[in-house]
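1 is the number of the first residue of the sequence shown in my numbering; add one for each residue after it. Have a look at the structure below before the remarks.
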Amino acid sequence: MTAPTSMLTGDRIYRIHWLPGTDTLRGRCHCGAERTAEEPVELWEWLLAHPDGHRPPPDPGPPTPPTSRTVLPPTAPPSRAAVPA
Numbered sequence: 001m002t003a004p005t006s007m008l009t010g011d012r013i014y015r016i017h018w019l020p021g022t023d024t025l026r027g028r029c030h031c032g033a034e035r036t037a038e039e040p041v042e043l044w045e046w047l048l049a050h051p052d053g054h055r056p057p058p059d060p061g062p063p064t065p066p067t068s069r070t071v072l073p074p075t076a077p078p079s080r081a082a083v084p085a
């Protein structure tokens, strides 16, 4: 006997996640597009209307290296204990 699949995979899997602490839902289409909404019906209509209104998330590309002119916040000098006279 095989163990049950913990998460479905495939070409036609739609996911809706609730964002805790909010009334917001996030839907993710099988094409990679994502959208947030407060109404589940609105989100399901968007998901089932694929490909209308679906664009995959943009590729973030490589991270930009810091420049030589990076400004760091100033640091305070270490405090000294008072010495009795």
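Backbone N, C-alpha and C define an ideal beta-carbon position, used for all residues, glycine too. The model shown is predicted, which means the values in this text are computed figures rather than measured ones.
query	result
Nearest-angstrom Cα separation, counted from residue 69 out to residue 13	47 Å
Contact check, residue 86 vs residue 18, beta carbons under 7 Å	Only positions 1 to 85 of the chain appear in this structure, which leaves residue 86 out of reach.
Closest Cα partner of residue 47 within the set 73, 64, 75 and 15	15
Bridge-paired residues (DSSP) for residue 35	27
Same chain, Cβ closer than 7 Å to residue 50, five either side skipped, listed in chain order	29 and 31
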